[in-house]
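Residues in the sequence shown are numbered from 23 upward in steps of one, following this note's numbering.
Beta carbons are placed, not taken as given, at the ideal position from N, Cα and C, and that holds for glycine.
First up is the structure itself, then whatever we jot down about it.
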Amino acid sequence: MKPVVLLMAVFIACLALSPVSATPPGDLSPLVSPRSFFSDSEDLVYEVSWTFIKLGTIHIKTVGDFKAIAYIDSYQGLPFVDLHSVNYTEMDSAFYTRCGYAIDKDGKDWKGLRYMLDLSNKSVVIDELHHKDLAS
23 MKPVVLLMAV
33 FIACLALSPV
43 SATPPGDLSP
53 LVSPRSFFSD
63 SEDLVYEVSW
73 TFIKLGTIHI
83 KTVGDFKAIA
93 YIDSYQGLPF
103 VDLHSVNYTE
113 MDSAFYTRCG
123 YAIDKDGKDW
133 KGLRYMLDLS
143 NKSVVIDELH
153 HKDLAS
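Structure (structure tokens):
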């Protein structure tokens, strides 16, 4: 589980260091046009390495203006590491997450969490996910 936390920390740090300003939570108007921030069907692949050792990839796809999915995979043959994770998010026009899921491969099964923000009740609904394969 530590490799998942490490890769997610790297991913979040990259997002936090990107030159994008955020709107205050009360103001949901977009600061930038979705077209200038994301391109529909944009496909980004980042190779993750530590010194000279290539660890895996983070593959990010955008779907429409406000949906994104990230596939995090370690390369085969690495000792002690077998990481496969899928993270999906749907955002509002200010790029705040409104719902999504995160699942990780655990042996032959996929386990994770699905979350949905309920702004009217100021709450988050979280469901546990368990799938035999990624397609189900």
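Inspect the beta-carbon positions of residue i and residue j and report whether they are closer than 8 Å.
| i | j | result |
| --- | --- | --- |
| Y68 | I91 | no |
| D62 | T79 | no |
| F88 | D128 | no |
State the Cα-Cα distance for the pair residue i and residue j, rounded to the nearest angstrom.
| i | j | result |
| --- | --- | --- |
| I82 | D65 | 6 Å |
| G99 | N143 | 47 Å |
| V147 | F117 | 19 Å |
| F101 | S145 | Correcting the residue type first, residue 101 is Pro in the shown sequence and not Phe. The alpha-carbon atoms of P101 and S145 are separated by roughly 41 Å. |
| L156 | L77 | 22 Å |
What is the DSSP secondary structure of residue i, counted as helix, strand or coil?
| i | result |
| --- | --- |
| E64 | coil |
| T73 | coil |
Tell me which residues share the same chain as residue i and place their Cβ nearer than 8 Å to its Cβ, disregarding the 5 neighbours each side in the sequence.
| i | result |
| --- | --- |
| L151 | Y123, I125, W132, K133, G134, L135 and R136 |
| K154 | K130, D131 and W132 |
What residues match up with residue i in a beta bridge as DSSP calls it?
| i | result |
| --- | --- |
| N109 | A92 and A124 |
| K83 | D65 and I91 |
Sorted by chain position, which residues of the same chain lie with C-beta nearer than 7 Å to residue i's C-beta, five sequence neighbours on each side aside?
| i | result |
| --- | --- |
| D104 | S96 |
In chain order, what residues of the same chain have a beta carbon less than 6 Å from the beta carbon of residue i, not counting five sequence neighbours either side?
| i | result |
| --- | --- |
| R120 | E112, D114 and L139 |
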